[in-house]
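Enquirer:
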Amino acid sequence: MQIRAVEPDELPALQEIERAAGRCFRDIGMAEIADDEPLPLGELARYHDSGLAWVAADASGAPVGYLIADRVDGNLHVEQVSVHPERARRGIGRLLLDHLADHALSEGAPALTLTTFTEVAWNAPYYARCGFRLLDDAELTPGLRLIRSREAAHGLDRWPRACMRREL
């Protein structure tokens, strides 16, 4: 599996990967998450243009997973990481996270952060296995508080959510 920067013409494929990965939420009673539309192409292009968008590509070069990130309070923040369910459980998500960690170290960032559902097996428990730890409210930076506020406004707090951090 090759991890590389996303190409502009691959942005629609990222949307399809996210839609496919999101369908798994329907099976656990989170239909609203399953039906949530992926980021618009213009927003994905912003991640590409900032150099913070990567794909995991198969042997033919086709994207099967992706990760986009933001710079938040001196760290790199995982905005989205998705792997097509046909390719899930093969370490692709971890490869993408490790690639981001290497990139963060090259920028001098001390940590990766993310927000996630705490009671979804492929969310917080998975990220904990990838070296992230849950943050309590006192540890949240201003940028993470803003992200959580936006998520709450979007209705994501209907299910338990939290911020996590991976020291580098």
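In my numbering, the protein residues as written are 1035 to 1202.
Think of the CB as a built atom: it goes at the ideal place given N, C-alpha and C, for glycine as much as any other residue.
(1) Could you tell me which whole alpha helix (DSSP H) segments of length 4 or greater appear in the region 1076 to 1155?
(2) By alpha-carbon positions, which one of W1156, A1090, P1119, L1131 ends up nearest to A1039?
(3) With a Cβ-Cβ cutoff of 8 Å, do G1177 and R1200 count as a contact?
(4) Taking the alpha-carbon positions, what's the I1102 to R1080 distance?
(5) Going by DSSP in three states, C1058 sits in which element: helix, strand or coil?
(6) As a quick exercise: from A1162, V1154, T1175, pick the residue whose alpha carbon is nearest that of R1236.
(7) Can you name, in chain order, every residue of its own chain whose Cβ lies under 8 Å from the Cβ of Y1160, other than the five neighbours on each side?
Expert: So, from the data block:
(1) 1126 to 1141
(2) Taking the sequence shown and counting its residues from 1, the one referred to as residue 1039 is at position 5. When only C-alpha atoms are compared, the closest one is A1090.
(3) Along the sequence shown, read from residue 1 onward, the residue named residue 1177 stands at position 143. Along the sequence shown, read from residue 1 onward, the residue named residue 1200 stands at position 166. Taking 8 Å as the Cβ cut-off, G1177 and R1200 do not qualify as a contacting pair.
(4) For the purposes of this step, residue 1102 is identified with residue 68 of the sequence shown, where counting begins at 1. For the purposes of this step, residue 1080 is identified with residue 46 of the sequence shown, where counting begins at 1. Taking C-alpha positions only, I1102 is separated from R1080 by approximately 10 Å.
(5) Position 24 of the sequence shown holds residue 1058. Here C1058 sits in helix by DSSP.
(6) Residue 1236 cannot be examined here, being either before or after the span of the chain that is shown, 1035 to 1202.
(7) The count along the sequence shown starts at 1 and reaches residue 1160 at position 126. So the list reads G1127, once near-sequence residues are dropped.
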